[in-house]
Structures are given as C-alpha cells and as structure tokens.
Amino acid sequence: MADLVGVDASSRQEQQPRAANGAPEPVTVPIASLRAGDSPRLTGTSEAHVARLAETETPLPPILVDRRTKCVVDGMHRLLAASRQGRETIEVVFFHGSEQDLFLRAVQENVQHGLPLSQVERQAAARRLIQTHPHLSDRALAHSAGIAAKTVAAIRRNLGENIGTAPVRVGSDGRTRPLDAGEGRLRAAELLLRQPHISLRDIAKAAGISPATVLDVRQRIERGDAPVPEKAATARRPAVRRNREKRAAEAATPRPGPGAPYGPEVALNVLRRDPSLRNTEHGRAILRLLHLNAAASARLPDLVGAMPPHCVTAVVRLALGYAEMWTGIARRLDSLA
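192 is the number of the first residue of the sequence shown in the working numbering; add one for each residue after it.
1. Round the Cβ separation of Arg226 and Cys262 to the nearest angstrom and send it over; I've been treating them as touching at under 8 angstroms.
2. Taking three-plus beta-carbon pairs below 8 angstroms as touching, is the region 307-326 in contact with the region 268-279?
3. For Val264, report the span of its beta strand (DSSP E) as first-last.
4. CB-CB under 8 angstroms to His324, same chain, minus the five flanking residues each way: which ones, in chain order?
5. I want to see whether chain B comes within less than 9 angstroms of Gly305, judged by CB atoms only; does it?
6. Check whether the Cβ atoms of Val284 and Leu255 lie closer than 9 angstroms to each other.
7. State the beta-bridge partners of Ala227 as determined by DSSP.
8. Just curious, the beta strand (DSSP E) that Ile281 is in, first and last residue?
9. With distances taken from CA atoms, which of Arg278, Ser230 and Ser224 is nearest Pro250?
10. Where does Leu255 fall in DSSP's three states?
11. Could you tell me whether the region 389-403 touches the region 371-381, using the rule of 3 or more Cβ pairs below 8 angstroms?
12. According to DSSP, is Gly327 part of a helix, a strand, or is it coil?
13. Assign Pro221 to one of three DSSP states: helix, strand, or coil.
14. Any idea if His334 is buried or exposed, counting beta-carbon neighbours within 10 angstroms, 16 or more meaning buried?
15. Cutting at 7 angstroms between CB atoms, please list the residues of its own chain near Pro253, excluding the five before and the five after it.
16. Is the distance from the Cβ of Val302 to the Cβ of Phe286 below 9 angstroms?
17. Suppose you measure from the CA of Ile412 to the CA of Val419; what does that come to, to the nearest Å?
18. Sort Gln322, Gln314, Leu327 and Ser230 by Cα distance to Glu300 and report the nearest one.
19. Hey, Leu384 and Val405: beta-carbon distance below 9 angstroms or not?
20. Under 8 angstroms by Cβ, that's how I've got Asp257 and Gly228 pegged, so tell me the actual separation to the nearest angstrom.
21. Using beta-carbon positions only, say whether Asp465 and Arg523 come within less than 9 angstroms of one another.
22. Quick one: grab the DSSP three-state call for Gly373.
23. Give the range of the alpha helix (DSSP H) segment to which Gln291 is assigned.
24. Suppose the cutoff is 7 angstroms on Cβ atoms and the five residues either side in sequence are ignored; what does the same chain contact list for Gly266 look like?
25. In angstroms with no decimal places, state the Cα-to-Cα distance between Gly512 and Asn470.
26. Taking only three categories from DSSP, how would you classify Gly512?
27. Nearest CA to the CA of Leu483: which residue from Val495, Leu459, Pro500 and His473?
28. In this structure, does DSSP put His268 in helix, strand or coil?
29. Looking at the structure shown, is Asn470 part of a helix, part of a strand, or coil, going by DSSP?
30. Buried or exposed for Ser526, please, with buried defined as at least 16 other CB atoms from any protein chain shown within 10 angstroms of its CB.
31. Per DSSP, what kind of secondary structure is Pro499 in: helix, strand or coil?
32. What would DSSP say about Leu233, mapped onto helix, strand or coil?
33. So, under 8 angstroms CB-CB, Ala336 and Val298 are touching, yes? Tell me the CB distance rounded to an integer number of Å.
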C-alpha cells in the first residue's frame, strides 16, 4: 500500500512488520476490536456491496486501520463482509496519523479502488480537504479526491476567507512551490540582502523557490533591478503586495540618502559583487572610497567621544564640508537614476 501525496511523513504506517520490498506486512486482529471510522461516504455502507463481497471466495485485501483508535480508515465493506462470513479475525495494515490525515488517506484509498465514490461525495471530500490541507495544490487535491483540478479551484474560490492560507503549496509530485512566485522572489531578496553569505540552496529552501530562481534574484540585485521581473507583475496587485515589492526594490537598489531602509554595510556588499565596479580601475577606486567611509562610520561613536575639545570646531567644519560634498554627489547620482 503506497504512501500518497499530502500525508505527513509521520502519518504513515508505523511499527508495522515489513516485507523484503519494504511494504507493510498485514497483521491479524479480532474483528470485534475494530469500529467504523470517518468515511467520505455520505450515505454510509452499501448493503448490496457487502453481500457481494461476502459471497466471494477470493481472499480480500487487508483493510487499513488507525493504530491509535482502531477505527477503519479504508475497508469497512470488507470488514462487514468478513463478519457476515462468520470470521472472528481479519488482516489489517495499521496507519498512524492525525485526524485530518486519516480522512485524507480514506479519500485517497476510496478513490483508487473498491466501490466508487459518487461525484457529490468526491466534491464534498474535496471541500473538507481544502479546509484541512490548504497547503496542497489544486492538482494534488484533485488527484486525491478524483475530480478535476478546475473543480477544486472553484470550490476553493467559493470557500474564500473560510479557509486557511499557506505561503507555499505542495503539488501532486510532492514538491513545494510558492503560492505566488513573486512572493518567493521577494523573500529571497530580503535574505540575500540580510545574509549575503548564505548559500543559494539554503535561501531557496527558506523562500520556497528553486536555486536557479535565487541566482536570478541575486543577479538582478547586483544589476540594480527589482527582484520580481516586470512581466511577472500582474496589472491588479493587492496594496500590501505592491508596498512590499516597492520596499524590496528600494532595498535591492542602493541609494544613499535620508531614510534609507538599509545600512552602509548592506549597500556596500551589493556594490562589491557588481562586476562593472569590481573589474574596472575606476570601479575599484570607488569601492575603496566607499569602504573607507563605511569603516569610518562604524567607528564614529568612539571617535567622537575621544575628540579633544580644541579640535571640535575644525572637525565640525570638515564634517560639514564632507557632508555637503556627499549630498551633492547623492543628488547628482539620483538625478541620473
């Protein structure tokens, strides 16, 4: 019985004897110890289906049972058929998981085999799964419930604010992807600016995007571009998203001036990685000058405290002169940007 997408790694068959191929070995338990579990079947069990199973002489597959509660996750018709045959025991495969994962597994098993679920039952199951597993993608939920992905999307839209939200979605292939690719790029940009030495793979994992996308974000920052390509931006974005993109773009494009949302070290680290500065003589001269100023700014509190009283006036004039010079440079560069 294969593990299925969406079920947490800790919510699978545990403490179960396993065959050589790794599949869980069924164990025999008393029928009287088992009880009905949470089923996606809205009309309960089918008497006709139980009767058909009770008449067959072919051994039926083991049923799936929650180890903790001894509730049947999948196989209630087989359990009733075994009881009708006069049997006192039945083969089971134990499953251990949360209440939400138990229902997810029940839906997946009923979709894959046995008495088919009706379309109404599948849609009702999808509605419940969207609420308990909002992180699963429309396609993954559609695969679990046996309906179309567009149907899942429509149900999700109708539920609106009644469901939880997650920054990422888990697809039918088990891979995690950001709900909004732009959001993932913005998170990556923030991490790159705050921790420039962290690996691309670690940033990709934290932001929910691929390492290749993180590399593209870093290259865009080094060029002074916004982390999110303009073509990827939609015409109608929520105000919160627009404000966040604006802040990230400002942080990615170093601009000295009052109210800048970053320190000199962050801006200098971005410039140091820019090949147009690093690989030219004039660029290296600019970097050295900026580095000296950044190093001096870190020591200013100590230097000011140790300033001899008779030197204060001269230093004030010199500092104001430098400030005026840098302000002029900033204004000139800003006009060219």
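All C-beta atoms in this analysis are idealised placements derived from N, C-alpha and C, irrespective of residue type, glycine included.
Quick answer:
1. Between Arg226 and Cys262 a beta carbon distance of about 6 angstroms is seen, short of the 8 angstroms cut, so the two are scored as contacting.
2. The count of Cβ pairs closer than 8 angstroms, one atom from the region 307-326 and one from the region 268-279, stays below three, leaving the stretches out of contact.
3. Per DSSP, Val264 belongs to the beta strand (DSSP E) from Cys262 to Asp265.
4. The answer, listed in chain order, is Gly197, Gln291, Leu295 and Leu332.
5. Among the chains of the structure shown, chain B does not appear; only one protein chain is present.
6. Closer than 9 angstroms, so yes.
7. Paired residue(s): Val263.
8. If you look at Ile281, you'll find it in the beta strand (DSSP E) that goes Thr280 to Phe286.
9. Residue Arg278 is the option with its Cα nearest to Pro250.
10. Leu255 falls in the strand class under three-state DSSP.
11. Contact between the region 389-403 and the region 371-381 is present, because at least three Cβ pairs lie under 8 angstroms.
12. As written in the sequence, residue 327 is Leu, which differs from the Gly given in the question. If DSSP states are grouped into helix, strand and coil, Leu327 belongs with the strands.
13. DSSP, reduced to helix, strand and coil, places Pro221 within a strand of the structure shown.
14. Counting C-beta atoms within 10 angstroms of its own C-beta, His334 has 16 or more neighbours from the protein chains shown and is therefore classed as buried.
15. Within its own chain, the residues whose Cβ lies closer than 7 angstroms to the Cβ of Pro253, once the five positions on either side in sequence are excluded, are Pro217, Glu282, Val283 and Val284, listed in chain order.
16. No, these two residues do not count as a Cβ contact at 9 angstroms.
17. Going by the C-alpha atoms only, they are around 10 angstroms apart.
18. Among Gln322, Gln314, Leu327 and Ser230, the Cα nearest to that of Glu300 is on Ser230.
19. Their beta carbons are not under 9 angstroms apart, which means Leu384 does not touch Val405 by this criterion.
20. Contact holds; Cβ gap of about 6 angstroms.
21. Cβ distance not < 9 angstroms, so Asp465 and Arg523 don't count as in contact.
22. In this structure, Gly373 counts as helix in the three-state DSSP scheme.
23. Taken as a continuous stretch (DSSP letters only), the alpha helix (DSSP H) holding Gln291 covers Glu290 to Gln303.
24. Result list for Gly266: Ile254 and Leu255, in chain order.
25. CA-CA distance, Gly512 to Asn470, rounds to 31 angstroms.
26. Note: Gly512 maps to helix in three-state DSSP.
27. If you compare the alpha carbons of Val495, Leu459, Pro500 and His473 with that of Leu483, the shortest gap goes to Leu459.
28. Helix at His268.
29. Under the three-state reduction of DSSP output, Asn470 falls in the coil class, being neither helix nor strand.
30. Exposed.
31. In the three-state DSSP reduction, Pro499 falls in the coil class, being neither helix nor strand.
32. For Leu233, the secondary structure class from DSSP, reduced to helix, strand or coil, is coil.
33. Right, the Cβ-Cβ distance comes to about 6 angstroms (below 8 angstroms), so this counts as a contact.
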